[in-house]
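Residue numbers (our numbering): 3 to 684. Worksheet for the structure shown next.
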Amino acid sequence: MRSKRMISALDLAGALAATVALIRFSLNGHASFSAGERWIVLILCSTTALINTLSFVAWLGHDHLSEISEDWSDYLQILQPAFWGMLFYVVLQSRHRRDLAASQKRLRDIVENMPVLLTAHDSDGKILAWNREAHSVTGYSIDEIAETDHLQILFPQAQQREDFLAECSNGGGDYQHSIRTIVGRNGSKHVAWFNISRKYPVSGWANWSIGLDITDSVDARQRLEFMASHDELTGLANRGLLQHRLRSAIAAIDNTESIERMESIDSEEAIAITGNAEVSRRSNKKGALLMLDLDNYKMVNDTYGHLIGDRLLYNVGERIQNSVGNDATVARIGGDEFMILITGLSRKEEATIIADWLLKNLRATPFHIDGASIYTEASLGITVYPDDGNDPAELLKNVDMALYAAKENGRNGFRFYSRDLHDRFRWQHMVAENLRSALLNDHLQLYYQPQIDVADGRLIGAEALLRWPEFEGGLSPAVFVPIAESRGLMLPLGQWVLDRAFRQAARWNQQPGFTTGINLSAIQFYQSDLVDALKKLATLNRISPENIDLEITESAVMRDADLAIASMKRLRDSGFHISLDDFGTGFSSLSYLKRFPVSRLKIDQSFVRGMESSADDTAIVHGVIRLGHDLGLSVVAEGVENAEQWSLLKEGGCDIVQGFFFSPPVPVENMEAMLAKGDARN
3 MRSKRMISAL DLAGALAATV ALIRFSLNGH ASFSAGERWI VLILCSTTAL
53 INTLSFVAWL GHDHLSEISE DWSDYLQILQ PAFWGMLFYV VLQSRHRRDL
103 AASQKRLRDI VENMPVLLTA HDSDGKILAW NREAHSVTGY SIDEIAETDH
153 LQILFPQAQQ REDFLAECSN GGGDYQHSIR TIVGRNGSKH VAWFNISRKY
203 PVSGWANWSI GLDITDSVDA RQRLEFMASH DELTGLANRG LLQHRLRSAI
253 AAIDNTESIE RMESIDSEEA IAITGNAEVS RRSNKKGALL MLDLDNYKMV
303 NDTYGHLIGD RLLYNVGERI QNSVGNDATV ARIGGDEFMI LITGLSRKEE
353 ATIIADWLLK NLRATPFHID GASIYTEASL GITVYPDDGN DPAELLKNVD
403 MALYAAKENG RNGFRFYSRD LHDRFRWQHM VAENLRSALL NDHLQLYYQP
453 QIDVADGRLI GAEALLRWPE FEGGLSPAVF VPIAESRGLM LPLGQWVLDR
503 AFRQAARWNQ QPGFTTGINL SAIQFYQSDL VDALKKLATL NRISPENIDL
553 EITESAVMRD ADLAIASMKR LRDSGFHISL DDFGTGFSSL SYLKRFPVSR
603 LKIDQSFVRG MESSADDTAI VHGVIRLGHD LGLSVVAEGV ENAEQWSLLK
653 EGGCDIVQGF FFSPPVPVEN MEAMLAKGDA RN
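Now the structure itself:
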């Protein structure tokens, strides 16, 4: 008879299946089990298997085994809950250890791949943690860094290292923030921003830090700062940085006695004057501000193009810096203008030595750019502080005046600022303002100087000449025209002359063959709309272009000969006469002269004036007359003042003359009276 404790077939099948699974689980093991845990699982599984086996025997109902099975089964089933509890505990511990290991691995992966430098030290400063970013930045692995003086890498300054070790030994504390420069294995430098924590250390960590590599950000900021204070083309200081350093230099001047200098210093020592920092430190009595402008830069740009022009500016800046030394500030302030700030001078004469040396270096050898050899010359203005002032704006104004004066003196030289120069510029400014007012209020006048046909003495034309009779009793055009040019008044002034001269020429249009000569300034001549504007004026005033003789100086034409030739051809094709004025004073060659589409050559009065006393001048004048005739041009002589000059010009075959011998420039009323009687003599 079966035992009343017999289990159901379904329960027995489940128990057997569990037994098989547990045995397989114990035999295969688990990665997270330790060796001891695997033995415990095996024993528990075996015990469970034994219980299930005995239950199975009892279920079969074999009499000779039933009693034994039931007895043992009773005992084992009493212990089975404890066995299952132990097994459940082991499995839970295994799962916890597995999860902890996975979590630690994830944490290690995160730390290792964080885009920040993570380091940790014990209380003795020994390295405990060093992630991949730290390796990448420094070039050292954790094993290598442990064998080096890693504190030297992380803390380049000795005081930083001492403070760090003190922090490690103290323990605790708040976050510390610092920016450090880290020097890597290959000498590369990285800037890192560090958070250092001692407040929540990992067990055994006295100090740990997270650093962010901000090298790119620092470099970008430094580039922006550099761009804000330096010229983009040359890399030199810009106006803003120059003014900042000028203010600092003025503030640094003290009242200490200057050191003794050698009395004799040649140009080769100029570089030593500017570059000797020790001299500057001990002798800071004076400084100089130099302003340099290239004399021929526009021609270089027009001839070779802006690309080579830019490279020339770069090379010029480099040569200036090499000439004056690195202690001097060289700035490009725009176009072809540079400024040089020299400090530590003991006397004004040292600035003269530097200026001589600088100009000599600039013109000594050409600049070789893309196969072109470009010679340069420059003009310099110089102001000395505190002699000429101690305000940066005032000094900048002073040096600009000095540069302008240097250009007026013929270029390729230098000029110091002086009080006389200041007074002259103030007067010129006053003249310019009054001229502007006279232009707006129509207080200018045109005078006319008669032109005489040498062959028959007829009055055949008149040259229109600008006069300003109301200002200071009549200021000479030789004085106010250059001022107008420097102050940007030549275009409106020239337009005023054209309007009045065309209007007056229209009234004289009834005179057969009579021409009105009108001077064009260089800035007018190179205006792109000149030809159209002149044709429009002729149409507006109902005058034939053949009654207008446009005069342009030889020097103005040679500023850009090819462009000038093209413009003159358009004027000639439109019917205007063209005279090459002041011939002989410019630099045109005969090869250009034969290309110029001009009608007349006007011999400069300086040659005519010397004919009485100089056989050479007479020969030059007669030679120009023959040359003009050979080229099919008529020749006009200016500045005829006496009968002897008149006689020599007739003897040489001159075509047309004008000058005080016949008549000075006169108001339009006087000119009309001359036309009425047909005689130019007063």
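All residues carry an ideal CB built from backbone N, CA and C; glycine is no exception.
Original post:
Does the beta-carbon of residue 506 have 16 or more other beta-carbons within 10 angstroms, so that it is buried, or is it exposed?
Top reply: One-based indexing of the sequence shown puts residue 506 at position 504. Buried is the call here.
**OP:** Work out the CA separation of residue 289 and residue 344 for me, nearest whole Å.
**Re:** Against the sequence shown, residue 344 aligns to sequence position 342. Against the sequence shown, residue 289 aligns to sequence position 287. Cα to Cα, the separation comes out at about 5 Å.
Original post:
When burial is assigned at 16 or more other CB atoms within 10 Å of the CB, is residue 377 buried or exposed?
Top reply: Indexing the sequence shown from 1 puts residue 377 at position 375. Exposed is the call here.
**OP:** On the DSSP bridge assignment, give the partners of residue 464 in chain order.
**Re:** On the sequence shown, residue 464 is found 462 positions in, with the first residue counted as 1. Looking at the DSSP assignment, residue 464 forms a beta bridge with 452, 518.
**OP:** Report all residues from its chain with a CB closer than 6 Å to the CB of residue 292; omit the five preceding and five following residues, and keep chain order.
**Re:** Stepping through the sequence shown from its first residue, residue 292 is reached at position 290. Only 342, 382, 384 meet the Cβ criterion.
Original post:
What are the complete beta strand (DSSP E) segments, minimum 3 residues, inside the stretch 480–545?
Top reply: 517–521
**OP:** Ignore the nearest five residues each way along the sequence and tell me which others in residue 663's own chain have a CB closer than 8 Å to its CB.
**Re:** Looking up residue 663 in the sequence shown gives position 661. Excluding residues within five positions, the ones whose Cβ falls inside 8 Å are 642, 643, 644, 645, 647, 648.
Original post:
In three-state DSSP terms, what is residue 394?
Top reply: For the purposes of this step, residue 394 is identified with residue 392 of the sequence shown, where counting begins at 1. The answer is helix: DSSP assigns residue 394 an H, G or I state.
Original post:
DSSP state of residue 287, grouped into three classes?
Top reply: The residue given as residue 287 occupies position 285 in the sequence shown. Note: residue 287 maps to coil in three-state DSSP.
Original post:
Under 8 Å, do residue 547 and residue 578 count as touching if we go by C-beta distance?
Top reply: Stepping through the sequence shown from its first residue, residue 547 is reached at position 545. Stepping through the sequence shown from its first residue, residue 578 is reached at position 576. Against a cut-off of 8 Å, the Cβ pair of residue 578 and residue 547 comes out as a contact.
Subject >> For residue 369 and residue 324, the rounded distance between their alpha carbons >> reply: Position 322 of the sequence shown, counted from the start, is the residue given in the question as residue 324. Position 367 of the sequence shown, counted from the start, is the residue given in the question as residue 369. Approximately 14 Å, taken between the alpha carbons.
Subject >> Environment of residue 359 [buried if 16+ CB atoms lie within 10 Å] >> reply: Here the question's residue 359 lines up with position 357 in the sequence shown. Label assigned to residue 359: buried.
Subject >> Under 8 Å between C-beta atoms of residue 232 and residue 214 >> reply: Residue mapping note: residue 232 aligns to position 230 of the sequence shown, counting from 1. Residue mapping note: residue 214 aligns to position 212 of the sequence shown, counting from 1. Going by C-beta atoms, residue 232 is not nearer than 8 Å to residue 214.
Original post:
Where does residue 653 sit, in a helix, a strand or coil, going by DSSP?
Top reply: As a first step, residue 653 must be located in the sequence shown, where it is residue number 651. Residue 653: helix per DSSP, three-state reduction.
**OP:** Leaving out five residues on either side along the sequence, give the residues of the same chain with a beta carbon under 7 Å from the beta carbon of residue 141.
**Re:** Stepping through the sequence shown from its first residue, residue 141 is reached at position 139. Cβ neighbours of residue 141 beyond the five flanking positions: 186, 187, 188.
Original post:
Among all the DSSP beta bridges, which residues are the ones paired with residue 669?
Top reply: Translated into the one-based positions of the sequence shown, residue 669 becomes position 667. 449, per the DSSP bridge assignment.
Original post:
When you compare each of 681, 195, 423, 211 to residue 455 by their alpha carbons, which one comes out closest?
Top reply: Within the sequence shown, numbered from 1, the residue matching residue 455 stands at position 453. Per the Cα distances, 681.
Original post:
Looking only at its own chain, which residues have a Cβ that is under 6 Å from the Cβ of residue 283, when we skip the five neighbours before and after it?
Top reply: Position 281 of the sequence shown, counted from the start, is the residue given in the question as residue 283. A caution first: residue 283 carries a pLDDT of 41, below 50, which makes its placement in the model too unreliable to give a value.
Original post:
Straight-line CA distance for residue 666 to residue 452?
Top reply: Counted from its first residue, the sequence shown places residue 666 at position 664. Counted from its first residue, the sequence shown places residue 452 at position 450. Their Cα atoms are separated by approximately 8 Å.
Subject >> Spatial neighbours of residue 526 in its chain, beta-carbon cut-off 6 Å, leaving aside the 5 residues before and after >> reply: Translated into the one-based positions of the sequence shown, residue 526 becomes position 524. Hits under 6 Å: 496.
Original post:
Looking at C-alpha atoms only, which residue of 135, 105, 129 is the closest neighbour of residue 754?
Top reply: Here the chain covers residues 3 to 684 and nothing more, so residue 754 does not appear.
Subject >> Cβ-Cβ distance between residue 380 and residue 364 below 8 Å >> reply: Taking the sequence shown and counting its residues from 1, the one referred to as residue 380 is at position 378. Taking the sequence shown and counting its residues from 1, the one referred to as residue 364 is at position 362. Against a cut-off of 8 Å, the Cβ pair of residue 364 and residue 380 comes out as a contact.
Subject >> Reduced DSSP secondary structure (H/G/I, E/B, other) of residue 116 >> reply: The residue given as residue 116 occupies position 114 in the sequence shown. DSSP places residue 116 in coil when its eight states are reduced to three.
Original post:
DSSP on residue 236, reduced to helix/strand/coil?
Top reply: One-based indexing of the sequence shown puts residue 236 at position 234. Note: residue 236 maps to coil in three-state DSSP.
Subject >> DSSP three-state assignment for residue 381, whether helix, strand or coil >> reply: Taking the first residue of the sequence shown as 1, we reach residue 381 at position 379. It is a strand residue.
Subject >> Backbone CA spacing between residue 122 and residue 132 [nearest angstrom] >> reply: Residue numbering aside, residue 122 sits at position 120 when the sequence shown is read from its first letter. Residue numbering aside, residue 132 sits at position 130 when the sequence shown is read from its first letter. Spanning the two alpha carbons is a distance of roughly 7 Å.
**OP:** Give every residue of the same chain whose Cβ lies closer than 8 Å to the Cβ of residue 671, excluding the five residues on either side of it in the sequence, and list them in chain order.
**Re:** Counted from its first residue, the sequence shown places residue 671 at position 669. Excluding residues within five positions, none has a Cβ falling inside 8 Å.
Original post:
Should the stretch 425–440 be regarded as contacting the stretch 307–320, the criterion being three or more beta carbon pairs within less than 8 Å?
Top reply: no
**OP:** Can you give me the Cβ contacts of residue 675 inside the same chain, cut-off strictly under 8 Å, excluding the 5 residues immediately before and after it?
**Re:** Counted from its first residue, the sequence shown places residue 675 at position 673. For residue 675, where only same-chain residues beyond five positions count, there are no Cβ hits under 8 Å.
Subject >> Cβ-Cβ distance between residue 657 and residue 637 below 8 Å >> reply: Translated into the one-based positions of the sequence shown, residue 657 becomes position 655. Translated into the one-based positions of the sequence shown, residue 637 becomes position 635. Cβ atoms of residue 657 and residue 637: closer than 8 Å.
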